[in-house]
Every structure is written in structure tokens, then in C-alpha cells.
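Notes for the one structure printed next.
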Amino acid sequence: MATPLTAARLVAALRAEGCSVREVAGWRTNNRNHVGPWGPVHGVMIHHTVTGPGTDVVGLIYHGHSALPGPLATGCITKDGVVHLTGNGRANHAGGGDGDVLNAVIGESYGTYPPPTHEHDGSGGAVDGNARFYGWECENRGDGRDPWPPAQYLAMVKATAAVCRAHGWGHKSAIGHLEWSDWKVDPRGFDMADFRRDVADALALPAGVWEGEDMPQYVNLGIAGPYQLAPGAWDSVEFAEEWTDETGDHATGGSVFARGPARFSGTFSVHIDGLPAGAVVQARMSEYQDEELRADHPIHEVAGTGGGTFVVLPVTKRLASGRGMRVRLLNQAAVPVTVASAVLTVLVWKES
1 MATPLTAARL VAALRAEGCS VREVAGWRTN NRNHVGPWGP VHGVMIHHTV TGPGTDVVGL
61 IYHGHSALPG PLATGCITKD GVVHLTGNGR ANHAGGGDGD VLNAVIGESY GTYPPPTHEH
121 DGSGGAVDGN ARFYGWECEN RGDGRDPWPP AQYLAMVKAT AAVCRAHGWG HKSAIGHLEW
181 SDWKVDPRGF DMADFRRDVA DALALPAGVW EGEDMPQYVN LGIAGPYQLA PGAWDSVEFA
241 EEWTDETGDH ATGGSVFARG PARFSGTFSV HIDGLPAGAV VQARMSEYQD EELRADHPIH
301 EVAGTGGGTF VVLPVTKRLA SGRGMRVRLL NQAAVPVTVA SAVLTVLVWK ES
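Just so we're aligned: 31 in full-length UniProt numbering is position 31 of the sequence shown, and the numbers increase by one with no gaps anywhere.
Laid out in C-alpha cells, this is it:
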């Protein structure tokens, strides 16, 4: 339980953590305190926006819209890694959620994930999350399937760590919206357990040190040339072109692009020819150890457009020691398709 930070203390905490902060005009008095309580506060909630190209995403989070008045969060973290402060107080971001989750956050008493949530807005047992959580709305144009640039992800971690540090909270005071309300799916594209571990890493060091002490290495790989992907079986992408691999983890002509212990964030871009309109190729990250499959991660679906099909997918994860990460594809069409090009670009933070 904690008294909410003043506007001045929040700005100071963010800047001390190394965040690039923009104070949107009027944010210090922009809140929903007139319709409900603000505080005591217990944690930080992470969201993604679902906004199309050309949307003034910061303005949307500040003002809200006809169905939901603003502010829609404490701040909006854009793809360039800037934390835009949009509200100081109660904001329409969390809605109703599960009391068991709230108690687990208050006590920081859960394991890898909070207990399953069974409540949401309008349900009889829902708890008012708008009174109890700071909220970061994080710009994303594809319902969480849009890639998370490293600068943005790092800003999300640091902004969350800043609030937790200011209150004396640990990393388990950070949750995703999907962990609070049983009908929400955000944030997509990364795992909240990995995110919390990154917040813990930041909190283990003095404020503002984490980025400078832990600079990422650059990996940029591609396939040697077009190849056919037969229907019906998962197939690892073989990265035979190695333009840059500062980590040295990619064996020439191999499929592993990162080895643990490490964390990474970047994109996988693929161009597929011959995929019929409406047919699907699935993509996923998979962890291997000693050439054995040990874990599969969530599936992304690439839907055919009738001509060439192009997609950019996020790859963000944390790897345990001894594990190697691959990208695998599954052709669900009835005919073979051609992987015309595939390029992987990631930043890798090696861990000891």
C-alpha cells in the first residue's frame, strides 16, 4: 500500500532511471479523480495500444475517445522509447479485475505469474484497478503483433522500474493487463515473466545504470536464397547469411540465432510467395538444448494475400543457460510455398 507519487516525484524518478520523458501539456491536472478514488496504489500495469498508422497515439491516451474519456493511462511509451506523461491520478486503463491478483501483487507473494484471473468489468466480484495501478500504454499498431523496438521495450522496463523503485516495490508489483482481467490479451509480443525479470535486473543496480552496464550486441542474419516450404511440418529457418553476429552464437549455416543465458529483442521479416489468399503459414520461436526441442513459444499466423505475402514479426524473449533459440515455420496450405526471403535482426543482452 502506498500514497501515489506527486507529479514532481514521478518525473524525477523516471529521469533518474534514465528515461526520456516528455511532459504533455496539462498532464499534471489530467485525471479521473472526480469519479472515483486514486490510491492507495499497489503496482504498475502494462498495456499495448491497438492504433493504426497516422493515429495521434499520445493524444488518444491523453484525451480518450467518445466511449472512454481520458486519460487512458499515466503515460504513453512510443516506439522511439519516449515516455509521454499523459495523466496524474486516476486513469481509465485497468478497469475491473481480480481481487486474488491484487492481493498477490500487494504481497508480491506469487511465483512466476500471478494467480489466474476470473474477473472483469461488470462482474460482481471485480476490483477497481483504476484506483490501484499506474498504467503504461505502449504504442503498438498490430494488437501486440507489431514488433517491439528495443528502445521502446527498454523504456517500458525502465519506466516500470522507476515507479517500483520510488515506492520501494519489487518486480512482482508489475503485471500485464491480461493478468488482471480475464478478457484482456495485452500485452502481446513478450512474456510478462521475462519482463518482470528485466525489471528485477534494473532494480538490482543503482537507478540509471542498467542500460550503460548492459549494452546489447547486434545480430543480423538471413537465408541464403529462396527455398520451398512443404505443407504439414514445422521447419527451422536456416540462417546461412551472417551479415553481423557480435555474439558469435550463430553457427554458419545454422538455425540458432541466440544462446542463453541471454535476453533479446528484435524482428523476423519474411516474404512468402505462392501462399493462397486466406491460407496460413505459422511462425514461432522454439528453444532447443543439445539439438532437442525443449519449449515452443506462441504462434504468429501469416495469412496469404494472393500475391507475395510480407510480414514482420516480433522476437522478444529471455533464454536460460544451455538453451538456443530458433525460428520455425509451418505451412498449413495444401500446396508448397516459397520462402523468398527471411531476415532476422535482434539486439542480444548476454547474461552471466
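Where a beta carbon is used, it is the ideal one built from N, C-alpha and C, also for glycine.
A quick note: this is a predicted structure, and the numbers were derived from the prediction, not measured.
Original post:
What is the DSSP secondary structure of Trp136, reduced to helix, strand or coil?
Top reply: strand
**OP:** Measure the C-alpha to C-alpha separation of Cys76 and Ala334 and round it to an integer number of angstroms.
**Re:** 43 Å
Original post:
For Cys76, which residues does DSSP report across the bridge?
Top reply: His84, Glu137
**OP:** For the beta strand (DSSP E) containing Ala91, list its first residue and its last residue.
**Re:** Unbroken run through Ala91: none, as it is neither H nor E.
Original post:
Out of curiosity, what's the CA-to-CA distance linking Phe257 and Gly36?
Top reply: 49 Å
Original post:
Can you give the beta carbon distance from Gly129 to Ala73, rounded, assuming they're within the 8 Å contact cut?
Top reply: Not quite, the Cβ-Cβ distance comes to about 12 Å (not below 8 Å), so this is no contact.
Original post:
What are the partner residues of Ala295, as DSSP defines its beta bridges?
Top reply: Glu287
Original post:
Which of the three DSSP states, helix, strand or coil, is assigned to His120?
Top reply: coil
**OP:** Sort out for me which residues DSSP pairs Glu23 with in a bridge.
**Re:** Leu85
Original post:
Sorted by chain position, which residues of the same chain lie with C-beta nearer than 6 Å to Gln282's C-beta, five sequence neighbours on each side aside?
Top reply: Ile299, Glu301, Leu330
Original post:
Rounded C-beta distance between Thr338 and Gln228? I'm assuming under 8 Å.
Top reply: 6 Å
Subject >> Where Ala193 falls: helix, strand or coil (DSSP) >> reply: helix
Original post:
Would Ser265 pass as a contact of Val315 if the rule is Cβ separation under 9 Å?
Top reply: yes
Original post:
Would you say Ala174 touches the ligand ZN, meaning its beta carbon is less than 8 Å from a heavy atom?
Top reply: No copy of the ligand ZN appears in this structure; indeed no ligand is present at all.
**OP:** Run through the stretch 210 to 247 for me and flag every whole beta strand (DSSP E) of 3 or more residues, listed as ranges in chain order.
**Re:** 217 to 222, 227 to 229, 234 to 236, 241 to 245
Original post:
Apart from the five residues on each side of it in sequence, which residues of its chain come closer than 8 Å, Cβ to Cβ, to Thr247?
Top reply: Gln217, Val219, Ala258, Arg259, Ala262, Val348, Lys350
Original post:
Mapping DSSP to helix, strand and coil, what is Pro150?
Top reply: helix
**OP:** Would you mind sorting Thr3 into buried or exposed? The rule is 16 or more other CB atoms within 10 Å of its CB.
**Re:** exposed
**OP:** Give the DSSP bridge partners of Ala174, in chain order.
**Re:** Val44
**OP:** Give the straight-line distance between the Cα atoms of Gly212 and Gly125, rounded to the nearest whole angstrom.
**Re:** Low local confidence applies: a pLDDT of 46 at Gly212 is under 50, so the model's placement there is unreliable, and no value is given.
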